[in-house]
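Protein chains: 2
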Amino acid sequence: MLSPVDPHLLRTYVTVARLASFSEAARELGYTQSAVSQHIAALEQDLGAPLLTRRPVTPTSAGERLLEHAGPLLLRLDAARADVVRMAAAPERGLTLAASPTALGPRVLAALPCAGVTLRVLARDEIPAAVATGAADLGLVDGIAAPNDPLRLPDVAPLTTHGVAEEPVCVLLPDTHPLAGRSALRLGDLAAARWLDAPDAGVPLARLRVANGGGAFRPALRYDGTDVRVLTALAAAGHGLTLLPRSAATGVPGAVAVPLTEPRVVHRTELVHGGAPRGAAARLVGRLVERERDR
Amino acid sequence: MLSPVDPHLLRTYVTVARLASFSEAARELGYTQSAVSQHIAALEQDLGAPLLTRRPVTPTSAGERLLEHAGPLLLRLDAARADVVRMAAAPERGLTLAASPTALGPRVLAALPCAGVTLRVLARDEIPAAVATGAADLGLVDGIAAPNDPLRLPDVAPLTTHGVAEEPVCVLLPDTHPLAGRSALRLGDLAAARWLDAPDAGVPLARLRVANGGGAFRPALRYDGTDVRVLTALAAAGHGLTLLPRSAATGVPGAVAVPLTEPRVVHRTELVHGGAPRGAAARLVGRLVERERDR
DNA sequence: GCATCCCATCAGTTCTGCTTATCGAGAGTG
DNA sequence: CACTCTCGATAAGCAGAACTGATGGGATGC
């Protein structure tokens, strides 16, 4: 049986690759430069391939490949520890909730307890990681899916998800737009449009590209922030169209929200948590999931 | 910064949990019983929680949780090594192809080279693991999805997938069945039917349960093998209905295949491979993906 | 050509991880 | 009830791993 790759070596490897320097990595990790050098040598010998070019320090192609593995791997390793530790000691500190910006729909907001919650807005794909490592007790992720379909989340760890809410998806158009009067839109109607590319604030477009039959969207302006207000303002100012859940798209000055009817997709919000939510976290889970069942 | 869980300890832990014995695990791992005892003690101290009850040796609740993490974790660790090693040394041995039973549709069979291929039929969720760890060079997985949607695969490692074929999904009915004369069926027509539960041979039903609005299927007989012939024979004999891709469902004596039109799903086959397919593997990838593009 | 920077290598020390040996608790037996 | 057998915990010792500090050598800059 072949022994697993030593995660200790892996950690120094990713640090070296990130900083592009053995000595810097040594400083950051609290080792001597010598130790780091030996770590990399050991890893290269173990895998039987050079991982870094020296001078300048850059990953080789094999090293690039290893980097792709290393991130999720170290994440899972930490997640495993965090998850088990969480079961043992539940200090009942304040509840931390990690959420993507558009995941905070009306149903969620109504269910939040009045006090004792720390809300942390993160990019969509950081949320499972935050929950897995214990940085947050609960996560709220949103995205586009077929009705009643679960979202596709990166599975960094065994997490539990519950559907919490589904809303229609709307296109946000400046009210001067020729299609602004429509009561419904198909994606095909907008084939020639320019889109705002806002993976962290808006609804990710990539998911639709497939349903769209492979036709790529023409991105106009890319927005890397997480502020929905900025995004709606950009859309209202005519910088491009964007997709939002109805509740986030209505009431924007200078813009109208038109429901998207084809393809038949919904904006879905899911609650994600680790093994054993306790105390306030458990209560919030109960409240959100129960509301869903009433629906 | 917290140091990652030692995978060495993790490996002995899962072995102990599986065998429910320290001494047995020691024998299997080539350690002394003392070493295993120390490993478990170290892990429990590291995580700050008891993981096993002794006498009898059983995982605690925290231990159960850890087991859920451990499997994917060790798999990924091996996958990382295998992937990098594969980049370095490409010995150009015979091509090994791992496939789920119903993934071998006509398009795939036509593209296979005449010689030098080892075909290995595995359960659906073992295939990504086999490809990731290098047990197979390529994998073929099938499943049910919305048209043009990718399948949901367990992401054990960064793998690349290509859609290879899509076929209609058919219900296989014994020709004495009252609905056997229909030219098309909706899932709602079959709400009262009994189903064959064959997760490894047929098409998994779980995926449809969601699209079905949460209504569970009534399973009649469970078949754990991977032989499609057995499955079709069972269906023809009236032991229950089953879903199959059209090419696998036609021509079964005593049964008819009726296309499923609602929900709108297809049987999809995907090719999955690791980082850098070479030689014969690369040629096969090329041939399969190219055929897809022609479609 | 000299200084500097950066990684590789070597020797020495510390500390971890494994083995052997022994103990103690619990289950089965006459 | 005593005896034994099994199985896991613990102690001591030893070999090897891991890290440090020092040194070497190939780049680059002045």
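Just so you know, the sequences run in chain order X and C. Under my numbering, the first residue of the first sequence carries the number 12, and numbering increases by one thereafter. Under my numbering, the first residue of the second sequence carries the number 12, and numbering increases by one thereafter. Glycine is no exception: its CB is placed at the ideal position from the N, C-alpha and C atoms. None of the values given here were measured: they were computed from a predicted structure.
Does DSSP classify residue 21 of chain X as helix, strand or coil?
Taking the first residue of the first sequence as 1, we reach residue 21 of chain X at position 10. Note: residue 21 of chain X maps to helix in three-state DSSP.
Return the residue from the list X:133, X:108, X:246 that minimises the CA-CA distance to residue 123 of chain X.
Within the first sequence, numbered from 1, the residue matching residue 123 of chain X stands at position 112. When only C-alpha atoms are compared, the closest one is X:108.
CB residue 167 of chain C to CB residue 143 of chain C, shorter than 7 Å?
The residue you call residue 167 of chain C lines up with position 156 of the second sequence. The residue you call residue 143 of chain C lines up with position 132 of the second sequence. Yes, these two residues count as a Cβ contact at 7 Å.
With distances taken between CB atoms, is the gap from residue 92 of chain C to residue 16 of chain X smaller than 7 Å?
For the purposes of this step, residue 92 of chain C is identified with residue 81 of the second sequence, where counting begins at 1. For the purposes of this step, residue 16 of chain X is identified with residue 5 of the first sequence, where counting begins at 1. Cβ distance < 7 Å, so residue 92 of chain C and residue 16 of chain X count as in contact.
Expressed to the nearest angstrom, what Euclidean distance is found between the alpha-carbon atoms of residue 69 of chain C and residue 33 of chain X?
As a first step, residue 69 of chain C is located in the second sequence; it is residue number 58 there, counting from the start. As a first step, residue 33 of chain X is located in the first sequence; it is residue number 22 there, counting from the start. Using only the alpha carbons, I get a separation of about 44 Å.
How big is the Cα-Cα spacing for residue 261 of chain X and residue 290 of chain X?
Position 250 of the first sequence, counted from the start, is the residue given in the question as residue 261 of chain X. Position 279 of the first sequence, counted from the start, is the residue given in the question as residue 290 of chain X. When rounded, the distance between both Cα atoms is 35 Å.
Whose CA, out of X:37, X:239, X:183, lies closest to the CA of residue 249 of chain X?
Taking the first residue of the first sequence as position 1, residue 249 of chain X is located at position 238. Ranking the options by Cα distance to residue 249 of chain X, first place goes to X:183.
Check each candidate in X:284, X:252, X:198 and name the one with the smallest Cα separation from residue 152 of chain X.
Position 141 of the first sequence, counting from 1, holds the residue named residue 152 of chain X. Ranking X:284, X:252, X:198 by Cα distance to residue 152 of chain X puts X:284 first.
Do residue 86 of chain X and residue 28 of chain X have their C-beta atoms within less than 7 Å of each other?
Position 75 of the first sequence, counting from 1, holds the residue named residue 86 of chain X. Position 17 of the first sequence, counting from 1, holds the residue named residue 28 of chain X. For residue 86 of chain X and residue 28 of chain X, no; Cβs fall outside 7 Å.
Determine, using beta carbons only, whether residue 162 of chain C and residue 156 of chain C come nearer to each other than 7 Å.
One-based indexing of the second sequence puts residue 162 of chain C at position 151. One-based indexing of the second sequence puts residue 156 of chain C at position 145. The answer is yes: Cβ separation under 7 Å.
Chain-ordered residues of the segment 92 to 115 of chain C with a beta carbon less than 8 Å from chain X:
92, 94, 95, 96, 98, 99, 100
With distance defined between alpha-carbon atoms, name the residue in X:62, X:58, X:64, X:96 nearest to residue 75 of chain C.
Counted from its first residue, the second sequence places residue 75 of chain C at position 64. Cα-wise, what sits closest to residue 75 of chain C is X:96.
Under 7 Å, CB to CB, which of the residues in the segment 275 to 305 of chain X have a partner in chain C?
286
For residue 157 of chain C, decide whether its Cβ has a neighbour in chain X, counting only Cβ atoms nearer than 7 Å.
The sequence position of residue 157 of chain C within the second sequence is 146, counting from 1. Yes, contact with chain X.
Residue 34 of chain X: contacting residues in chain C (beta-carbon distance under 8 Å):
Here the question's residue 34 of chain X lines up with position 23 in the first sequence. The contacting residues do not exist; residue 34 of chain X stays about 19 Å from chain C at best.
Where does residue 144 of chain C fall in DSSP's three states?
Sequence index remark: in the second sequence, residue 144 of chain C carries index 133 (1-based). Here residue 144 of chain C sits in coil by DSSP.
Under 7 Å Cβ to Cβ from residue 83 of chain C, same chain only, skipping five residues before and after it: list those, please.
Here residue 83 of chain C corresponds to residue number 72 of the second sequence, with the count starting at 1. Excluding sequence neighbours, residue 83 of chain C sits near 167.
Three-state secondary structure (DSSP) at residue 183 of chain X?
In the first sequence, residue 183 of chain X corresponds to position 172, counting from 1. Residue 183 of chain X falls in the strand class under three-state DSSP.
How big is the Cα-Cα spacing for residue 225 of chain C and residue 267 of chain C?
Numbered from 1 along the second sequence, position 214 holds the residue referred to as residue 225 of chain C. Numbered from 1 along the second sequence, position 256 holds the residue referred to as residue 267 of chain C. Because residue 225 of chain C sits at a pLDDT of 47, beneath the cut-off of 50, its placement in the model cannot be relied upon, and the following sentence gives the value as read from the coordinates. Cα-Cα distance, rounded: 27 Å.
What residues in its chain sit with their C-beta under 7 Å from that of residue 90 of chain X, if we drop five residues either side in the sequence?
Along the first sequence, one-based indexing puts residue 90 of chain X at 79. So the list reads 143, 144, 167, 168, once near-sequence residues are dropped.
Answer with yes or no whether the minimum CB distance from residue 79 of chain C to chain X is below 7 Å.
Sequence index remark: in the second sequence, residue 79 of chain C carries index 68 (1-based). Taking Cβ atoms only, chain X reaches closer than 7 Å to residue 79 of chain C, which makes this a yes.
Own chain, CB closer than 8 Å to residue 98 of chain X, minus 5 neighbours either side, in chain order
Your numbering for residue 98 of chain X matches position 87 in the first sequence. Result list for residue 98 of chain X: 286, 287, in chain order.
Have a look at X:148, X:243, X:255 and flag the residue whose alpha-carbon is nearest the alpha-carbon of residue 293 of chain X.
Here residue 293 of chain X refers to the residue found at position 282 of the first sequence. It is X:148.
Excluding the 5 residues preceding and the 5 following residue 251 of chain C in the sequence, name in chain order all residues of the same chain whose CB lies nearer than 6 Å to its CB.
Looking up residue 251 of chain C in the second sequence gives position 240. Answer for residue 251 of chain C: 205, 206, 207, 231, 232, listed in chain order.
With a threshold of 7 Å between beta carbons, is residue 84 of chain C in contact with chain X?
Counting from 1 along the second sequence, the entry for residue 84 of chain C is found at position 73. Chain X contact via Cβ: present.
Return the residue from the list C:43, C:25, C:273 that minimises the CA-CA distance to residue 198 of chain C.
The residue labelled residue 198 of chain C in the question sits at position 187 within the second sequence. If we check each option's Cα against that of residue 198 of chain C, C:273 comes out closest.
My guess is that residue 24 of chain X and residue 62 of chain X are in contact by the Cβ rule of under 8 Å, so how many angstroms apart are they, rounded?
On the first sequence, residue 24 of chain X is found 13 positions in, with the first residue counted as 1. On the first sequence, residue 62 of chain X is found 51 positions in, with the first residue counted as 1. About 7 Å; that satisfies the 8 Å criterion.
Using the beta-carbon of each residue, which ones in chain C are nearer than 8 Å to residue 149 of chain X?
Numbered from 1 along the first sequence, position 138 holds the residue referred to as residue 149 of chain X. Correct list: empty, because the minimum Cβ distance to chain C is about 17 Å.
At a threshold of 6 Å, does residue 84 of chain X count as lining the ligand PLP (C-beta to nearest heavy atom)?
No copy of the ligand PLP occurs in the structure displayed, which carries no ligand at all.
Given that residue 16 of chain X touches chain C, what residues does it touch there, using C-beta distances under 9 Å?
One-based indexing of the first sequence puts residue 16 of chain X at position 5. Going along chain C in sequence order, the residues near residue 16 of chain X (Cβ under 9 Å) are 18, 88, 89, 91, 92, 95.
Three-state secondary structure (DSSP) at residue 113 of chain C?
Here residue 113 of chain C refers to the residue found at position 102 of the second sequence. Helix, per DSSP.
So residue 196 of chain C contacts chain X; which residues on that side make the cut at Cβ distance below 8 Å?
Looking up residue 196 of chain C in the second sequence gives position 185. Here the premise fails: no neighbours, minimum Cβ distance about 20 Å.
Out of C:31, C:45, C:279, C:44, point me to the one whose CA is closest to residue 178 of chain C's CA.
The residue you call residue 178 of chain C lines up with position 167 of the second sequence. When only C-alpha atoms are compared, the closest one is C:279.
Which ranges does the beta strand (DSSP E) cover as unbroken runs of at least 3 residues, wholly within the segment 145 to 177 of chain C, from first to last along the chain?
149 to 156
4-residue-minimum alpha helix (DSSP H) runs that sit fully inside the segment 262 to 287 of chain X, ordered along the chain:
none
Less than 7 Å between the C-beta atoms of residue 118 of chain X and residue 176 of chain X, yes or no?
For this step, residue 118 of chain X is matched to residue 107 along the first sequence. For this step, residue 176 of chain X is matched to residue 165 along the first sequence. Yes, the pair counts as a contact, with Cβ atoms nearer than the cut-off.
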